[in-house]
Amino acid sequence: MIRRTRAITLLQATQDSETLNRLFELATESSQRLKSIQTLMPPSLRDCVHPGPIEGPVWCLLLDNNAVAAKIKQLLPSLLAHLRSKGWEVNAIRLKVQMSRKPD
Numbered sequence: 041m042i043r044r045t046r047a048i049t050l051l052q053a054t055q056d057s058e059t060l061n062r063l064f065e066l067a068t069e070s071s072q073r074l075k076s077i078q079t080l081m082p083p084s085l086r087d088c089v090h091p092g093p094i095e096g097p098v099w100c101l102l103l104d105n106n107a108v109a110a111k112i113k114q115l116l117p118s119l120l121a122h123l124r125s126k127g128w129e130v131n132a133i134r135l136k137v138q139m140s141r142k143p144d
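The numbering of the sequence shown is the working numbering, which starts it at 41 and goes up by one.
Below you can see the structure in the form of structure tokens.
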């Protein structure tokens, strides 16, 4: 392990590490995908849908609650078609509801 005596930025750290660089690229692509499909979603849902991990041809969307999941599930065919038309190889979108932690 290389010990550094000066602080480096997160961007520099990701560029120095192949693994971190790949994670950064996947996170950026996931955000771009979400930005691309937001116009297909009702405005009231846009803040409730967050980009998730990309695992090969499967992309995950993180949702705030079950009601949002039900609505997004109805939109999946059009979301997939839109992503494919933009050049992304997405065979499926997985939906995951995030359970929010209540403050102690």
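Even for Gly, the Cβ is constructed at its ideal location relative to N, Cα and C.
For V108, the enclosing alpha helix (DSSP H) covers residues N106 to S125.
In this chain, E95 is not harboured by any alpha helix (DSSP H); it is covered by the beta strand (DSSP E) spanning V89 to E95. A47 carries a coil assignment under DSSP once its states are collapsed to helix, strand and coil. A Cβ-Cβ distance of about 7 Å is found for the pair V89 and I112, placing them in contact under the 8 Å criterion.
Taking L135 as the centre and dropping the five residues before and after it, the same chain places the C-beta of L101, L103, A109, I112 and K113 closer than 7 Å to its C-beta, in chain order. Among the bridge pairs identified by DSSP, R134 is matched with C100. With a 10 Å radius around the Cβ and a threshold of 16 neighbouring Cβ atoms, R73 comes out buried. Pairing P83 with I77, the inter-Cα distance amounts to about 12 Å.
For R73, the enclosing alpha helix (DSSP H) starts and ends at E58 to I77. With respect to the 8 Å criterion, A121 and P97 are not classified as neighbours on the basis of their beta carbons.
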